[in-house]
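One point on numbering: in UniProt numbering, the residue at position 124 of the sequence shown is 124, and numbering is uninterrupted. Below: one structure, written as structure tokens.
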Amino acid sequence: MTDMEGGGDRDGLGSGDSWLKTNVMEDDGLFAKLRDEVQWSEMRHKGGAVPRLVCMQGTYDVDDHGSIVFEPVYRHPADEQPPMHAWTPTVDAIRLRVSETLGQPLNHAIIQWYRGGADFISEHSDKTLDIARGTVITNYSAGATRLLVLRDKKGLKEQRQAATCAPPGRNAQRVELPNNSLFVLGWDTNLRMTHEIRQDRRLDHDKREDEMAFDAQRISITFRHIATFQRHSDGKLFGQGAVHKTEVELDQSLQVPEAAHAAADPAEVTRETDDMIAMFGAENQDPHFDWDACYGRGFSVMNMKSASSTDAVPELAAGAIRAVATAAGAAEEAQEEKDEPRCASSEISD
Numbered sequence: 001m002t003d004m005e006g007g008g009d010r011d012g013l014g015s016g017d018s019w020l021k022t023n024v025m026e027d028d029g030l031f032a033k034l035r036d037e038v039q040w041s042e043m044r045h046k047g048g049a050v051p052r053l054v055c056m057q058g059t060y061d062v063d064d065h066g067s068i069v070f071e072p073v074y075r076h077p078a079d080e081q082p083p084m085h086a087w088t089p090t091v092d093a094i095r096l097r098v099s100e101t102l103g104q105p106l107n108h109a110i111i112q113w114y115r116g117g118a119d120f121i122s123e124h125s126d127k128t129l130d131i132a133r134g135t136v137i138t139n140y141s142a143g144a145t146r147l148l149v150l151r152d153k154k155g156l157k158e159q160r161q162a163a164t165c166a167p168p169g170r171n172a173q174r175v176e177l178p179n180n181s182l183f184v185l186g187w188d189t190n191l192r193m194t195h196e197i198r199q200d201r202r203l204d205h206d207k208r209e210d211e212m213a214f215d216a217q218r219i220s221i222t223f224r225h226i227a228t229f230q231r232h233s234d235g236k237l238f239g240q241g242a243v244h245k246t247e248v249e250l251d252q253s254l255q256v257p258e259a260a261h262a263a264a265d266p267a268e269v270t271r272e273t274d275d276m277i278a279m280f281g282a283e284n285q286d287p288h289f290d291w292d293a294c295y296g297r298g299f300s301v302m303n304m305k306s307a308s309s310t311d312a313v314p315e316l317a318a319g320a321i322r323a324v325a326t327a328a329g330a331a332e333e334a335q336e337e338k339d340e341p342r343c344a345s346s347e348i349s350d
């Protein structure tokens with residue numbers, strides 16, 4: 001496994017199409033501005049609050065009177081999607097710099113505040129249902145350095161073992177995210193690998209100065225180019241990840257009473273929600289995920305709560321599940337420490 005020790009900008013990360021840029025903004029002290037201007041809130045998944053604060057900002061489409069017509073939608077596992085806010089000044093300045101660097105539009109951001117080493121995000125791949133196909137996903141870091149782990153999806157490990165009789169294990173890259181850096185996650189890396197920010201269980205005296213900076217807090221901004229939209233007038237979806245790919249198609253469907261009634265049927269909503277959750281799970285596991293087969297027809301539902309599933313876990317039970325999962329993962333993480341290359345503090349992604 002290649003050791004990526006060393007500072008500065010990096011390319012060829014992940015599956016080869018991901019890279020890191022350091023010193024992105026002239027002002028490297030943006031943490032406090034972001035902390036103070038962003039409208040923070042909790043996000044809930046499976047009945048419990050996720051272990052970090054979040055905010056969602058994006059680009060609204062407005063009419064001649066300044067009224068919002070529609071907004072970009074990024075669906076991912078959460079009981080309910082956080083409310084969309086307009087760009088705040090510092091976030092927008094970062095967005096414009098990143099967009100210029102990439103030559104790619106960025107119309108949506110999820111901003112997350114890791115309030116210390118105990119805050120984390122579990123292993124996952126980004127859900128590409130609503131992300132413009134073939135585009136990159138970008139993450140800007142402000143604050144303390146945190147460690148990201150990229151790992152082959154489980155399906156890739158199983159295929160490799162079957163083909164080569166290789167020992168158990170998943171190829172992984174351990175990478176560090178310094179203040180004022182940008183990690184670019186390529187489409188193929190997201191297809192083949194998962195990523196996570198693990199809890200940092202070390203004592204403070206075992207951490208470097210950059211890991212304790214900003215009181216060990218970090219703010220990340222994940223910018224995406226979203227191609228699915230929600231209309232404000234009726235909450236209906238159209239675009240890449242929706243059933244109706246254009247607003248014209250959506251309007252035409254609403255003229256057919258039978259179709260409109262079917263879309264509003266609770267049983268149909270539950271079935272569609274279950275299907276979407278299943279596809280999200282498949283994307284987390286399968287390194288050969290077939291986007292057209294799984295996502296191509298689109299989904300009309302917004303939120304992840306399903307009456308027929310166990311997703312609506314009571315908060316205490318959800319907390320217990322997370323605690324058990326964290327404890328169970330400690331042994332695996334300790335073993336991986338021996339095998340995974342750790343990138344220097346100026347090295348990689350989120």
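Note that CB positions come from ideal geometry on N, CA and C, so glycine has one too.
Can you tell me whether residue i is helix, strand or coil according to DSSP?
{"i": "L13", "result": "strand"}
{"i": "G239", "result": "strand"}
{"i": "D210", "result": "helix"}
{"i": "R95", "result": "helix"}
{"i": "R231", "result": "strand"}
{"i": "W291", "result": "helix"}
{"i": "K245", "result": "coil"}
{"i": "S300", "result": "coil"}
{"i": "V313", "result": "Only weak support exists for where V313 lies, its pLDDT of 32 falling under 50; the coordinates are left without a value."}
{"i": "M276", "result": "helix"}
{"i": "L30", "result": "coil"}
{"i": "T88", "result": "coil"}
{"i": "V269", "result": "helix"}
{"i": "R52", "result": "coil"}
{"i": "G8", "result": "coil"}
{"i": "A327", "result": "Confidence at A327 is low in this model, with a pLDDT of 39, below 50, so its placement is unreliable and no value can be given for it."}
{"i": "S349", "result": "Confidence is the limiting factor: at S349 the pLDDT is only 33, short of 50, which leaves the residue's position unreliable, though a coordinate-based value still follows. Looking at S349 - three-state DSSP - the assignment turns out to be coil, as it is neither helix nor strand."}
{"i": "E336", "result": "Any answer about E336 is weak, because its pLDDT of 48 lies below 50 and its placement is not dependable; what the coordinates show is given next. Helix, per DSSP."}
{"i": "R35", "result": "helix"}
Please tell me whether residue i and residue j are closer than 8 angstroms, where the distance is taken between their beta carbons.
{"i": "I197", "j": "R35", "result": "no"}
{"i": "L102", "j": "Y140", "result": "no"}
{"i": "D28", "j": "N180", "result": "yes"}
{"i": "I221", "j": "I131", "result": "no"}
{"i": "G186", "j": "D64", "result": "no"}
{"i": "V62", "j": "V54", "result": "no"}
{"i": "R192", "j": "P287", "result": "yes"}
{"i": "L237", "j": "T246", "result": "no"}
{"i": "E283", "j": "K154", "result": "no"}
{"i": "E123", "j": "T189", "result": "no"}
{"i": "D206", "j": "P178", "result": "no"}
{"i": "V38", "j": "T88", "result": "yes"}
{"i": "Q104", "j": "T145", "result": "no"}
{"i": "R133", "j": "W291", "result": "yes"}
{"i": "G235", "j": "Y295", "result": "no"}
{"i": "W19", "j": "V248", "result": "no"}
{"i": "E100", "j": "Q230", "result": "no"}
What distance in whole Å lies between the Cβ atoms of residue j and residue i, which are believed to be in contact at a cut-off of 8 angstroms?
{"i": "Y74", "j": "H108", "result": "5 angstroms"}
{"i": "G298", "j": "Q217", "result": "Not really, about 38 angstroms apart at Cβ, beyond 8 angstroms."}
{"i": "Q112", "j": "V91", "result": "Q112 to V91, Cβ: 12 angstroms. No contact."}
{"i": "V243", "j": "M276", "result": "Wrong, their Cβ atoms sit about 11 angstroms apart, outside the cutoff."}
{"i": "T270", "j": "M304", "result": "The pair is not a contact, with the Cβ atoms about 12 angstroms apart (cut-off 8 angstroms)."}
{"i": "residue 352", "j": "F31", "result": "Beyond the ends of the chain as shown, which are 1 and 350, falls residue 352; an answer cannot be given."}
Would you call the region 144 to 152 in contact with the region 171 to 178, where contact means no fewer than 3 C-beta pairs closer than 8 angstroms?
yes
Would the region 68 to 83 count as touching the region 197 to 210 if we require 3 or more Cβ pairs under 8 angstroms?
no
May I have a chain-ordered list of the alpha helix (DSSP H) segments no shorter than 4 residues that lie completely inside the UniProt domain "Fe2OG dioxygenase" (105 to 227)?
154 to 164, 187 to 192, 209 to 212
Unbroken stretches of the beta strand (DSSP E), 3 residues or longer, contained in the region 56 to 84
68 to 72
Answer yes if the region 222 to 235 comes into contact with the region 113 to 121, meaning at least three C-beta pairs across the two stretches below 8 angstroms, and no otherwise.
no
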